[in-house]
Each structure stands twice: as structure tokens, then as C-alpha cells.
Amino acid sequence: MTLHNSIIRQSNPHLPFGDRQDGTYYGKNILSVKQFNRADLTFIFEVAHEMEEMVRRVGTFDLLKGKILTNLFYEPSTRTSSSFTAAMERLGGSVIPINDVRYSSVSKGESLPDTIRTLECYSDVIVIRHPETGSAALAAKYARKPIINAGDGTGEHPTQALLDLFTILEELGHVDGLTITMLGDLKYGRTVHSLARLLTLYNVRLNYVSPEILPMPAEVIEEVNAKNISQTVTTDLAKVLPETDVLYVTRVQKERFEDPEVYEKVKGSYVITPELMTRAKDDMIVMHPLPRVGEISMEFDSDPRAAYFRQMEYGLYVRMALLALVLGKA
Ligand code: ASP
Numbered sequence: 006m007t008l009h010n011s012i013i014r015q016s017n018p019h020l021p022f023g024d025r026q027d028g029t030y031y032g033k034n035i036l037s038v039k040q041f042n043r044a045d046l047t048f049i050f051e052v053a054h055e056m057e058e059m060v061r062r063v064g065t066f067d068l069l070k071g072k073i074l075t076n077l078f079y080e081p082s083t084r085t086s087s088s089f090t091a092a093m094e095r096l097g098g099s100v101i102p103i104n105d106v107r108y109s110s111v112s113k114g115e116s117l118p119d120t121i122r123t124l125e126c127y128s129d130v131i132v133i134r135h136p137e138t139g140s141a142a143l144a145a146k147y148a149r150k151p152i153i154n155a156g157d158g159t160g161e162h163p164t165q166a167l168l169d170l171f172t173i174l175e176e177l178g179h180v181d182g183l184t185i186t187m188l189g190d191l192k193y194g195r196t197v198h199s200l201a202r203l204l205t206l207y208n209v210r211l212n213y214v215s216p217e218i219l220p221m222p223a224e225v226i227e228e229v230n231a232k233n234i235s236q237t238v239t240t241d242l243a244k245v246l247p248e249t250d251v252l253y254v255t256r257v258q259k260e261r262f263e264d265p266e267v268y269e270k271v272k273g274s275y276v277i278t279p280e281l282m283t284r285a286k287d288d289m290i291v292m293h294p295l296p297r298v299g300e301i302s303m304e305f306d307s308d309p310r311a312a313y314f315r316q317m318e319y320g321l322y323v324r325m326a327l328l329a330l331v332l333g334k335a
């Protein structure tokens, strides 16, 4: 990365992904879905397809040989951290895994900027998950290397939204004209915050179904409204299920509740069962960022509409594409 580029990024950590003064995606941060336009998505998904083909044909190849990624996780993760690891290793690179910050200098009180300054000495890109909203942007402010937001508290999870969109395209072939129903904990679920924002690049209808105390935040609703996207808020899944093309289920985010009793009251509000799904279309899909903790019954897993396990695999190809892009190799 040139000094010039790093200065641009430091002074403006929200520099749009698509706003490529230097004509490439090299060195860019991925902090929020707000950075992307449709041309970016088309390009990222084209690269993701190439990655899929290469993985099927040769498994592992040397596009990022010699490059190192740091996975810096201040919150638990199974899919995001392991898919970034797999993505980097499939591309011939290697990984510094910090999956439990209790065993790093964070537990000695080290600040996020100092941890980032340290890790960028040893790696070419940093993937960060942190409980505070805005933490990835803060990290990017201090970093000279690309920062990828893998979930900042209840804020955003942009790479999940990209893989969610890729899943919809792969499974249904298009996004325009679809009715997408987001179900569950829409207040604390960062994946739906990112996905609703990203879908505003398309002509869709959004339904938000949640317990009354876990609504989609007003801030997200206003942003989506400003893009003239139709939004319906309800607690009644049965009302919107028959018209739904994509049912995006989320778990109630136990770790965000101050009062465990409140969590216990709302956790079982919705359960997707084969019987309930007789009321849905035949050509719709059910997605979930996972982990699930009871909101989709295992009896539904064998239904062809259950796309949540395929969704995980799509994530590998999208994350491979993103790493290749920000490291200047796609
Ligand atoms: N794995 C997703 C996330 O990190 C969804 C979840 O945890 O419920 O946001």
C-alpha cells in the first residue's frame, strides 16, 4: 500500500469500497454495507464464483501465498472465524488466530488501537469481532492495513450480509421483486441490520416480524425508508409467511440481555416447523446466519427450502473473494 493510500484511509475510515481512486479494491476496509453499490456486488460475486470453481477444481491454490491474516475475536464465533481461516488457507495464505482475547494482552488492559498497531506489524489484513458498535471503525482509524468488520456488537456484520445476498442470488436467481421476511431478534441482531441496509440497493419488500420488545431499530427503518423500500412491521408471522420469498430467521441474542428473565420470556416466540411451513410457497427459501438455538426445528432440515447449511458454504467463497480483493490479488 502506498503512503498516500494509507493516509486517505486513515482520514476517512468510511471511504466507500466502490470509491476506488486507485482503480482497485486494494487496501480498503470493509466496515459497513453502506460502502457498497451494485457494481461492487456484481464484481465481488463474480470473483466469488471464480473462487467456488477453483475450490471445486483444485481445492487450494497460491493466490495469497505469503500473506497473513489476523483473526481477532473478542466475541465467540464458529462460522465467521473458521470460514475466514479456511478462505485464507484455501488461497495459500496463513492465519494468526486470536480467538480468545483472554489469553492475549487485552486481558492486561491493552487498548484496541495498541492491539491493532501490534497485529498489523505481523499481518496483512485484520478481521475483527468486538462487542462494541463502532469498534471496527475505530480499529480502522489506527490501522494501515485493511480491517474487516466481522461483527461490531449490535451494529453490523457486513461480510455476513454479502454472503446472505450471494445466497439469495444463487438460490433464487434474482433479488429484485422479492419479499424478504426477517424474523426473530431484530433489535440486537446485527446480521439483519446489515442485510436490510444492503437490500436497499434492490427493489424488494421487507417484512419485520419480532416480539414487540425486539423490533428493528428506528435508525435502520429510517435509512431503508429513505431509499423508498416498502417495510411492514408485525408480530404475526402467519400473516406474512404466504407471500414470503426469503424467510431470514435469527436467534434471540441472549448475550445482549441485561435481565435473563426477559430473555427466557421471548426466546421461544417463533419456531419454524414443517407444519408451519406448509403455509409458505414451494419456491421460497429459509435462511439463518446460525447458530440456531431452537428457532428452526431440526425436522425442517431435510426440506429443500432449508438453505441455511448451503448459506454457510457460500460464505467461504464470498470471504475468499473479499480477501483477494483487499489484498490486491483479484
Ligand atoms: N453468527 C451471527 C453473528 O455473529 C448470528 C448470531 O450470532 O446470532 O451475528
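Residue numbering for the sequence shown follows our numbering, starting at 6 and increasing by one per position. The C-beta atom is built at its ideal place from N, Cα and C for all residues, glycine as well. Since the model is a prediction, treat every value here as computed from it, not as a measurement.
Proximity to T159 [Cα-Cα], best of G178, P220, L183: Counted from its first residue, the sequence shown places residue 159 at position 154. Ranking the options by Cα distance to T159, first place goes to P220.
Let me know if S140 comes out buried or exposed under the rule of 16 or more other beta-carbons within 10 Å of its beta-carbon. On the sequence shown, residue 140 is found 135 positions in, with the first residue counted as 1. In the assembly as shown, S140 is a buried residue. Its beta-carbon has 16 or more other beta-carbons within 10 Å.
List the DSSP bridge partners of M292. What you label residue 292 is simply residue 287 of the sequence shown in a count that begins at 1. Answer by DSSP bridge pairing, in chain order: Y253.
Is Q316 helix, strand or coil by DSSP? Within the sequence shown, residue 316 is the residue found at index 311, counting from 1. Helix.
Residue range of the unbroken alpha helix (DSSP H) whose run includes F50: Indexing the sequence shown from 1 puts residue 50 at position 45. Following the DSSP letters along the chain, one finds F50 inside the alpha helix (DSSP H) bounded by residues 43-63.
Compute every distance between the C-beta of Q316 and the non-hydrogen atoms of ligand 1, then say whether any falls below 7 Å. Along the sequence shown, one-based indexing puts residue 316 at 311. Checking the Cβ of Q316 against ligand 1 gives no.
Between Q2 and ligand 1, is there a pair consisting of the residue's CB and a ligand heavy atom that are separated by less than 7 Å? No statement about residue 2 is possible, as the shown extent of the chain runs from 6 to 335 and does not include it.
Alpha-carbon spacing of H9 relative to D306, whole angstroms: Numbered from its first residue, the sequence shown carries residue 9 at position 4. Numbered from its first residue, the sequence shown carries residue 306 at position 301. Confidence at H9 is low in this model, with a pLDDT of 35, below 50, so the placement of that residue should be treated as unreliable; the coordinate-derived value is given next. Roughly 51 Å separates the two Cα atoms.
Which of helix, strand or coil DSSP assigns to V331: Looking up residue 331 in the sequence shown gives position 326. Annotated three-state conformation of V331 is helix, per DSSP.
What is the DSSP secondary structure of L188, counted as helix, strand or coil? Numbered from 1 along the sequence shown, position 183 holds the residue referred to as residue 188. L188: strand per DSSP, three-state reduction.
Please classify F89 as buried or exposed, where buried requires at least 16 other C-beta atoms within 10 Å of its C-beta. Here residue 89 corresponds to residue number 84 of the sequence shown, with the count starting at 1. F89 is buried by the Cβ-count criterion.
Give a single yes or no on whether T138 has its beta carbon closer than 7 Å to a heavy atom of ligand 1. Here residue 138 refers to the residue found at position 133 of the sequence shown. Not so, every heavy atom of ligand 1 lies at least 7 Å from the Cβ.
Check: P296 C-beta below 7 Å from any heavy atom of ligand 1: Your numbering for residue 296 matches position 291 in the sequence shown. P296: yes, Cβ under 7 Å from ligand 1.
At the level of alpha carbons, what is the spacing between V106 and L321? Translated into the one-based positions of the sequence shown, residue 106 becomes position 101. Translated into the one-based positions of the sequence shown, residue 321 becomes position 316. V106 and L321: Cα-Cα distance of roughly 24 Å.
Assuming L69 contacts M93 under a Cβ cut-off of 8 Å, what Cβ separation, rounded to an integer in Å, is found between them? By one-based count along the sequence shown, residue 69 stands at place 64. By one-based count along the sequence shown, residue 93 stands at place 88. L69 to M93, Cβ: 7 Å. Contact.
For a test of the three-state rule: what should DSSP assign to R149, helix, strand or coil? Here residue 149 refers to the residue found at position 144 of the sequence shown. In the structure shown, R149 sits in coil (DSSP, three-state: anything other than H, G, I, E or B).
Any chance the CB of T159 is under 7 Å from a heavy atom of ligand 1? As a first step, residue 159 is located in the sequence shown; it is residue number 154 there, counting from the start. At a cut-off of 7 Å, the beta-carbon of T159 does not count as near ligand 1: no heavy atom of the ligand is closer than that.
May I ask which residues mark the beginning and end of the alpha helix (DSSP H) holding L200? As a working note, residue 200 is residue 195 in the sequence shown. Unbroken alpha helix (DSSP H) run through L200: 195-204.
Considering only residues of the same chain and omitting the five flanking positions on each side of R324, which have a CB-CB separation below 7 Å? Taking the first residue of the sequence shown as 1, we reach residue 324 at position 319. Cβ within range, chain order: S88, F89, A92, T164.
What span of residues does the alpha helix (DSSP H) with S86 cover, start to end? Looking up residue 86 in the sequence shown gives position 81. Here the alpha helix (DSSP H) through S86 covers 84-95.
Could you check how far apart the C-beta atoms of I103 and S109 are, in whole angstroms? I think they sit under 8 Å. As a working mapping, residue 103 is identified with position 98 in the sequence shown. As a working mapping, residue 109 is identified with position 104 in the sequence shown. Going by Cβ atoms, the distance from I103 to S109 rounds to 5 Å, so yes, they are a contact pair.
List the endpoints of the continuous beta strand (DSSP E) containing N233. Position 228 of the sequence shown, counted from the first residue, corresponds to residue 233. No beta strand (DSSP E) holds N233; DSSP gives it neither H nor E.
T75 - partner residues in DSSP beta bridges: For the purposes of this step, residue 75 is taken as residue 70 along the sequence shown, with counting starting at 1. I101, I131, per the DSSP bridge assignment.
Measuring alpha carbon to alpha carbon, tell me which residue in D169, V209, E280, M59 is nearest M308. Working through the sequence shown from its first residue, we reach residue 308 at position 303. Looking at the sequence shown, residue 308 is not Met but Asp. Residue E280 is the option with its Cα nearest to D308.
Reduced DSSP secondary structure (H/G/I, E/B, other) of V209: Translated into positions along the sequence shown, residue 209 becomes position 204. Look at V209 here: in three-state DSSP terms it is coil, with no helix or strand label.
Touching or not, the segment 215-233 and the segment 268-280, by the rule of three or more beta carbon pairs under 8 Å? Contact between the segment 215-233 and the segment 268-280 is established, with three or more Cβ pairs separated by less than 8 Å.
L327 to I49, Cα distance in whole Å? Here residue 327 corresponds to residue number 322 of the sequence shown, with the count starting at 1. Here residue 49 corresponds to residue number 44 of the sequence shown, with the count starting at 1. Roughly 7 Å between the two C-alpha positions.
What residue does the alpha helix (DSSP H) around L167 start on, and which one ends it? Counted from its first residue, the sequence shown places residue 167 at position 162. For L167, the enclosing alpha helix (DSSP H) has its first and last residue at 163-177.
Since S199 contacts V38 with CB under 8 Å, what's their CB separation in whole angstroms? Position 194 of the sequence shown, counting from 1, holds the residue named residue 199. Position 33 of the sequence shown, counting from 1, holds the residue named residue 38. Contact flag correct, Cβ pair sits at about 5 Å.
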